[in-house]
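Chemist:
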Amino acid sequence: MKKILSALMGALDTNAGDAASPPKPPQSVPAGAMLYSMPTIAMDDIEFEKPAGERVEGAPQFHEDEWAQLEFFPKHRLPEVQRLLGELKAFDAEHRVEHGWRQIHQRDLAREPLDVSLADIEGGLGGQGRPAPILTTASRPLGQVKDGFSVELGTNAYLYGLRQEGRITVLAASLQGADDMLLTRAFTALSRQSGLVLVDWRQQFLLVGVDGEGLIEVWRP
Numbered sequence: 006m007k008k009i010l011s012a013l014m015g016a017l018d019t020n021a022g023d024a025a026s027p028p029k030p031p032q033s034v035p036a037g038a039m040l041y042s043m044p045t046i047a048m049d050d051i052e053f054e055k056p057a058g059e060r061v062e063g064a065p066q067f068h069e070d071e072w073a074q075l076e077f078f079p080k081h082r083l084p085e086v087q088r089l090l091g092e093l094k095a096f097d098a099e100h101r102v103e104h105g106w107r108q109i110h111q112r113d114l115a116r117e118p119l120d121v122s123l124a125d126i127e128g129g130l131g132g133q134g135r136p137a138p139i140l141t142t143a144s145r146p147l148g149q150v151k152d153g154f155s156v157e158l159g160t161n162a163y164l165y166g167l168r169q170e171g172r173i174t175v176l177a178a179s180l181q182g183a184d185d186m187l188l189t190r191a192f193t194a195l196s197r198q199s200g201l202v203l204v205d206w207r208q209q210f211l212l213v214g215v216d217g218e219g220l221i222e223v224w225r226p
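Numbering (my numbering), first residue to last: 6 to 226.
See below:
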């Protein structure tokens with residue numbers, strides 16, 4: 006998982022200066038100075054396949070830590086998600102420092118089939134089916150998610166997830182510099198069609214539903 010050094014900013018300052026100066030020796034960094042670059046990650050048991058051929062073209066690619074940072078749940082799990090967001094808020098307050106987090110919150114959630122199909126997503130949202138996501142580390146690809154899928158909503162905007170026995174058990178979103186309205190429209194449709202809620206774990210808020218005037222109900226811990 007991605008980590009950053011809290012000492013990095015200071016190191017940049019101390020190493021700057023006359024280009025002719027002799028290089029400084031490597032510095033040791035205490036283990037306690039290693040920080041995480043985000044507060045929480047999902048702990049889904051993901052299997053990988055080697056990307057090849059047609060399974061690669063058009064597949065979204067992103068870092069493993071980005072998996073399910075934006076994800077959908079059935080509305081009956083709303084109390085559980087709200088409780089977890091409250092726990093995450095307290096965790097964030099305890100472990101956040103200037104340049105990262107001292108510890109990382111691990112989300113180990115039970116998965117269950119969602120009341121939505123790929124046909125619903127592609128047809129109802131006008132999305133284009135794409136191959137399963139390819140996850141990476143900071144330095145190398147991990148592989149293509151086995152039993153995964155993705156649907157392109159627009160440029161750099163995807164819904165993706167996992168299926169078990171043909172049914173969707175994880176449904177998440179990836180916006181890599183994309184227009185936020187693409188996800189807003191997707192949430193509105195999935196909320197009305199399948200009663201799904203959307204949680205942003207990293208930003209710690211929840212889209213609960215859409216009223217008759219099209220206004221979105223937002224909840225924060």
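Note that the Cβ used here is the ideal one computed from N, Cα and C, for glycine as well. Computed from a prediction, not measured in an experiment: that's the story for all the values here.
If we count the other Cβ atoms within 10 Å of its Cβ and call it buried at 16 or more, is G91 buried or exposed?
Modeler: Reading the sequence shown from its first residue, position 86 is the one you call residue 91. Per the 10 Å Cβ criterion, exposed.
Chemist: Specify whether the stretch 129-143 and the stretch 53-73 touch according to this definition: at least 3 beta carbon pairs, one from each stretch, less than 8 Å apart.
Modeler: yes
Chemist: Measuring CB atoms only, is the stretch 54-64 touching the stretch 108-120, in the sense that at least three cross pairs come out at less than 8 Å?
Modeler: no
Chemist: What is the DSSP secondary structure of A143, counted as helix, strand or coil?
Modeler: Taking the first residue of the sequence shown as 1, we reach residue 143 at position 138. Collapsing the DSSP output to three states places A143 in coil.
Chemist: Would you give the residue range spanned by the beta strand (DSSP E) that M227 belongs to?
Modeler: Absent from the model: residue 227. The displayed extent of the chain is 6 to 226, so no value can be given.
Chemist: Considering only C-alpha positions, which residue in the set R225, K94, L195 and L167 is nearest to W106?
Modeler: Taking the first residue of the sequence shown as position 1, residue 106 is located at position 101. Residue K94 is the option with its Cα nearest to W106.
Chemist: What number of angstroms, rounded off, separates the C-alpha of F154 from the C-alpha of R145?
Modeler: Counted from its first residue, the sequence shown places residue 154 at position 149. Counted from its first residue, the sequence shown places residue 145 at position 140. Rounded to the nearest angstrom, the two C-alpha atoms are 21 Å apart.
Chemist: Is the stretch 191-208 in contact with the stretch 124-135, if contact means three or more CB pairs nearer than 8 Å?
Modeler: yes
Chemist: When burial is assigned at 16 or more other CB atoms within 10 Å of the CB, is L211 buried or exposed?
Modeler: Locating residue 211 in the sequence shown gives position 206, counting from the first residue. The residue is buried, with at least 16 neighbouring Cβ atoms inside 10 Å.
Chemist: Counting only the same chain and skipping the five closest in sequence on each side, list residues whose C-beta sits under 8 Å from that of G148.
Modeler: As a position in the sequence shown, residue 148 is number 143, starting the count at 1. The residues are F53, E54, K55, P56, I139 and L140.
Chemist: From this set, L203, T174, T189 and S42, which residue's C-alpha is nearest H100's C-alpha?
Modeler: Residue mapping note: residue 100 aligns to position 95 of the sequence shown, counting from 1. Nearest C-alpha to H100: S42.
Chemist: Going by the CB atoms, is the gap between W206 and R116 shorter than 8 Å?
Modeler: Here residue 116 refers to the residue found at position 111 when the sequence shown is read from its first residue. Here residue 206 refers to the residue found at position 201 when the sequence shown is read from its first residue. It is not a contact, given that the beta carbons lie outside the stated cut-off.
Chemist: Starting from the Cα of D50, find the closest Cα among V202, R172, L167 and G219 and give me that residue.
Modeler: Residue numbering aside, residue 50 sits at position 45 when the sequence shown is read from its first letter. It is L167.
Chemist: Could you tell me the alpha carbon to alpha carbon distance between L188 and A162, rounded to whole angstroms?
Modeler: Here the question's residue 188 lines up with position 183 in the sequence shown. Here the question's residue 162 lines up with position 157 in the sequence shown. Rounded to whole angstroms, L188 to A162 spans 8 Å at the Cα level.
Chemist: Residue range of the alpha helix (DSSP H) that A73 falls in?
Modeler: Along the sequence shown, read from residue 1 onward, the residue named residue 73 stands at position 68. Careful: A73 lies outside any alpha helix (DSSP H) and carries neither H nor E.
Chemist: Helix, strand or coil: which one does DSSP assign to H104?
Modeler: Here residue 104 corresponds to residue number 99 of the sequence shown, with the count starting at 1. H104 carries a coil assignment under DSSP once its states are collapsed to helix, strand and coil.
Chemist: Can you give me the Cβ contacts of V102 inside the same chain, cut-off strictly under 6 Å, excluding the 5 residues immediately before and after it?
Modeler: In the sequence shown, counting from the first residue as 1, residue 102 sits at position 97. No residues qualify anywhere along the chain.
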